[in-house]
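**Q**
In this note's numbering, the protein residues as written are 82 to 236.
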């Protein structure tokens, strides 16, 4: 029997977005939505919404999805704690998180990268968003081109 690539490439509902320019400084002691604003050529199923205030991946069908994110803070010195998390449907309980818990008071740390990948059992219309949290006295920015979020449906 002949097997062609269409049987092996079963990924559907995939998309990825990223931040194209460094964000404005994050507010201290606040959870901030990552402002993804670029999905050039990596959103064929229109699952990524990069409009202002949204910045989300919406699951069009019920099923298992594989997600990944990477978030980089720049100018992060003197922050006592930094973390990143993925929230579902705007809730405060993360589907997946990477909590740094860094104590950098007095350290000269310019860049911190958070990242994670996970499988999530979604229902149709669930949406996921990446949030950053920073606590301390420094001014941090979300870096361009290295803050990204995406996923695809597994079944």
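C-beta: ideal position from N, C-alpha, C; glycine also.
Being a predicted model, the structure only gives us computed values, none of them experimental.
Give the secondary structure of residue 200 by DSSP, where H, G and I count as helix, E and B as strand, and everything else as coil.
**A** In the structure shown, residue 200 sits in a strand (DSSP, three-state: E or B).
**Q** Note the first and the last residue of the continuous beta strand (DSSP E) segment covering residue 146.
**A** It spans 144 to 155 - the beta strand (DSSP E) in which residue 146 sits, taken as one unbroken run.
**Q** In or out: residue 206 buried (at least 16 other Cβ within 10 Å) or exposed?
**A** Looking at its Cβ environment, which holds fewer than 16 other Cβ atoms inside 10 Å, residue 206 is exposed.
**Q** Kindly confirm or deny that the region 114 to 125 and the region 192 to 200 touch, where touching means at least three C-beta pairs closer than 8 Å.
**A** Segments in contact, no.
**Q** DSSP state of residue 106, grouped into three classes?
**A** Three-state DSSP puts residue 106 in coil, outside helix and strand.
**Q** Check whether the Cβ atoms of residue 168 and residue 234 lie closer than 7 Å to each other.
**A** Against a cut-off of 7 Å, the Cβ pair of residue 234 and residue 168 comes out as no contact.
**Q** How should residue 232 be labelled, buried or exposed, when 16 other C-beta atoms within 10 angstroms of its C-beta is the threshold for buried?
**A** Burial call: buried.
**Q** Does DSSP classify residue 205 as helix, strand or coil?
**A** Three-state DSSP puts residue 205 in coil, outside helix and strand.
**Q** Based on Cα-Cα distance, which residue from 223, 98, 166 lies nearest to residue 138?
**A** Nearest option by C-alpha distance: 98.
**Q** Would you tell me roughly how many angstroms separate the C-alpha atoms of residue 223 and residue 143, rounded to the nearest one?
**A** The alpha-carbon atoms of residue 223 and residue 143 are separated by roughly 31 Å.
**Q** Which residues does DSSP list as the beta-bridge partners of residue 175?
**A** Per DSSP, 168.
**Q** Skipping 5 residues on each side, what residues in its chain have a beta carbon closer than 7 Å to that of residue 203?
**A** For residue 203, where only same-chain residues beyond five positions count, the Cβ hits under 7 Å are 140, 143, 144, 146.
**Q** Within the continuous beta strand (DSSP E) that includes residue 121, where are the two ends?
**A** No beta strand (DSSP E) contains residue 121, which DSSP labels as neither H nor E.
**Q** What are the partner residues of residue 114, as DSSP defines its beta bridges?
**A** According to DSSP, which records beta bridges pairwise, residue 114 is partnered with 212.
**Q** Tell me whether residue 163 is buried or exposed, calling it buried when 16 or more other Cβ atoms sit within 10 Å of its Cβ.
**A** That one is buried.
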